[in-house]
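Step one of this worksheet: look at the structure below.
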Amino acid sequence: MIKSVIAGAVAMAVVSFGANAAPQGQGKVTFNGTVVDAPCGIDAQSADQSIEFGQVSKVLLNNGGSSTPKNFDIKLTDCDVTNYKKAGKAGTVSLTFSGVQAGTDMLQTVGTTNTAILVTDPHGKAVKFDGTTATGVSSLVDGDNTIHFTALVKKDTSGNDVAEGAFSA
1 MIKSVIAGAV AMAVVSFGAN AAPQGQGKVT FNGTVVDAPC GIDAQSADQS
51 IEFGQVSKVL LNNGGSSTPK NFDIKLTDCD VTNYKKAGKA GTVSLTFSGV
101 QAGTDMLQTV GTTNTAILVT DPHGKAVKFD GTTATGVSSL VDGDNTIHFT
151 ALVKKDTSGN DVAEGAFSA
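With the UniProt record's numbering, the residue at position 55 of the sequence shown is 55, and numbering never jumps.
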């Protein structure tokens with residue numbers, strides 16, 4: 001009787017071992033960020049945006065027209081302008097953009113379409129993509145702030161006609 005109890009216990013141990021779950025795979029979580037010496041941070045969704053223009057008529061662009069304007073925002077978070085006010089600076093911000101310029105005030109697109117992107121700041125002024133020319137000044141308040149921009153597609157300054165195809169910038 002004891003042998004059958006021991007044999008049963010051994011059999012149960014073997015069966016229960018076989019019922020353990022198989023490995024479920026592995027994953028990875030990576031945390032990234034940057035500490036900056038600035039009165040605000042940039043919202044993560046604002047730092048990496050994609051503006052979709054859809055299909056734009058080459059006839060329209062070749063005739064000097066432009067795409068439908070697309071609005072986009074840069075959101076500044078957790079702003080604390082206290083130290084900037086004490087230093088005699090108004091609570092303001094201006095931004096610089098960099099990229100391959102088309103002419104003096106457009107961003108050249110990648111591809112063979114001969115198109116460029118015109119971006120205007122909140123004051124309607126064309127943004128320069130030279131990395132040094134700042135946009136018009138926008139007011140900052142403590143907390144979160146949103147700066148509004150508008151973008152549109154135009155014929156670039158190469159003198160060539162706009163061609164069909166995909167573009168990006």
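Beta carbons are placed, not taken as given, at the ideal position from N, Cα and C, and that holds for glycine.
Using a C-beta cut-off of 8 Å, the stretch 34 to 43 makes no contact with the stretch 96 to 108, since fewer than three inter-stretch Cβ pairs fall below that distance. Approximately 15 Å separates the beta-carbon atoms of residue 70 and residue 126; this is outside 8 Å, ruling out the contact. With respect to the 8 Å criterion, residue 147 and residue 51 are not classified as neighbours on the basis of their beta carbons. A straight-line Cα-Cα distance of about 29 Å links residue 34 and residue 110. Boundaries of the alpha helix (DSSP H) around residue 47: 44 to 47.
Nearest Cα to residue 138 within the set 76, 83, 26: 76. Across the structure, residue 82 and residue 37 are spaced so that their CA atoms are roughly 14 Å apart. Secondary structure at residue 61: helix, using DSSP grouped into helix, strand and coil. Taking 8 Å as the cut-off, the Cβ atoms of residue 155 and residue 114 count as close. Under the three-state reduction of DSSP, residue 68 is assigned to coil, being neither helix nor strand. The Cβ-Cβ distance between residue 136 and residue 79 does not fall below 8 Å. If you draw a straight line from the Cα of residue 61 to the Cα of residue 108, it is about 15 Å long.
For the options 58, 28, 45, the alpha carbon positioned closest to that of residue 167 is the one of 58.
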